[in-house]
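Notes to accompany the following structure.
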Amino acid sequence: MITNVTEYEAIAKEKLPKMVYDYYASGAEDQWTLKENRNAFSRILFRPRILVDVSKIDLTTTVLGFKISMPIMIAPTAMQKMAHPEGESATARAASAAGTIMTLSSWSTSSVEEVASTGPGIRFFQLYVLKDRNVVTQLVKRAERAGFKAIALTVDTPMLGRREADIKNRFTLPPNLVLKNFEGLDLGKLERTDDSGLASYVARQTDRSLNWKDVKWLQTITSLPILVKGVLTAEDTKIAVQAGAAGIIVSNHGARQLDYVPATITALEEVVKAAQGRVPVFLDGGIRRGTDVFKALALGASGVFIGRPVVFSLAADGEAGVRKVLEILHDEFELTMALTGCRSVNEISRDHVVTEWDRPRIAPRL
Ligand code: FNR
């Protein structure tokens, strides 16, 4: 019996081939940021309010104008068919059943059209910009035609972070699977190399010259709103807003890119302040509890995304597993709201949490 989201990881580890589990679980290099993404939440404490009538609690919120059941969404994670034969389609159905948003990775093992055909649902498409801009343009247009509602442009991956387990395992996509969006373009297969097959793929295909001008360029090829995924500083937040971003995702790519960047929850407030309410700020990285979701909202996030819990629950139990993860987080978040005295997400305030960078509220009297 599963009682929390983290339990799925052990089940996935048992079920999956080592190469696949390691790919999902790993962070970059020393994995300091990987641990910190979790640990940093444990240093933020609550200042709960009591005797608020919480007999009715409303978890709903609006993201880019779309009403969703809760501020908990699904982050893009690549190659989900390695976890379960139904892969991204199962995730899409689970998100839709939970009334929330799924983000589909560029490197999915199901195409944008396949995911769209699972039925109604609000979906975002995550974009990696490849060297071949024709391919990028086609892909964005396909996502738009398939009914995706926003582009999450990943900006933290000019090269792939060094994930040592993938190097040791000589990670590659199992032979029965392809990067489905690129099938037919000779870009769908990962080659087996002496190190990580994905790192080599990225080195060959992704455009390391990607820069702010391309955020403008992207706006010339699509009318979809663009979320900039992978911002960690106030400086970049300001530039992103100026460049026309519709939102910011504070993300360190699940600690898989640059090691020794701060936990996203630590970087969040700086970004929120720099955004000055002009665009919504979202967060991903280390969200495993409803209390984590609450802390992110208290520090100014408009919503959060989850990555690994989705692939691990997908491996354990397919669509039902992902549904269960969303249900557990929903219920834990609702409970946190009840116990802190918040009846709607708008009532969650900065005063409901205390962080180590806050000044002591009560000066000790000596
Ligand atoms: C990712 N992430 C990711 N991000 C992205 O923009 N495109 C992608 O294809 C992937 N693929 C991917 C695969 C796997 C296995 C993981 C774990 C992560 C990063 C992802 O969107 C998100 O930023 C993190 O996963 C959030 O952290 P947690 O929830 O995994 O701690």
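In the numbering used here, the protein residues as written are 1325 to 1690. Every residue, glycine too, gets a C-beta built ideally from N, C-alpha and C.
- Beyond the five residues adjoining it in sequence on each side, valine 1436 comes within less than 8 Å, by CB distance, of Leu1428, Phe1449, Leu1463, Arg1466, Ala1467, Ala1470, Phe1472 and Asn1505 in the same chain, given in chain order.
- Under DSSP, lysine 1391 shares a beta bridge with Thr1386.
- Considering only Lys1455, Val1459, Ala1414 and Arg1457, the residue with the shortest C-alpha distance to alanine 1440 is Ala1414.
- In the DSSP annotation of this structure, isoleucine 1381 is not part of any alpha helix (DSSP H), being labelled neither H nor E.
- Following the DSSP letters along the chain, one finds phenylalanine 1365 inside the alpha helix (DSSP H) bounded by residues 1356 to 1366.
- Annotation for serine 1429 indicates a beta carbon within 6 Å of some heavy atom of the ligand FNR.
- Rounded to whole angstroms, the gap between the alpha carbons of lysine 1492 and threonine 1384 is 44 Å.
- If you check the C-beta of tyrosine 1345 against the ligand FNR, you find no heavy atom less than 6 Å away.
- Under the DSSP assignment, arginine 1417 falls in the alpha helix (DSSP H) whose first and last residues are 1411 to 1422.
- In the DSSP assignment, aspartate 1608 falls within the unbroken beta strand (DSSP E) covering 1605 to 1608.
- Judged by the Cβ position, aspartate 1560 fails to qualify as a neighbour of the ligand FNR at the 6 Å threshold, every heavy atom of the ligand being at least this far.
- The beta carbon of histidine 1408 sits no closer than 6 Å to any heavy atom of the ligand FNR.
- The nearest non-hydrogen atom of the ligand FNR is less than 6 Å from the C-beta of alanine 1402.
- Your pair arginine 1362 and arginine 1612 checks out as a contact, with CB atoms roughly 7 Å apart and the cut at 8 Å.
- DSSP places serine 1435 in the coil class of the three-state scheme, outside both helix and strand.
- In terms of Cα proximity to lysine 1597, the closest of Gly1610, Ser1432, Ala1622 and Ala1587 is Ala1622.
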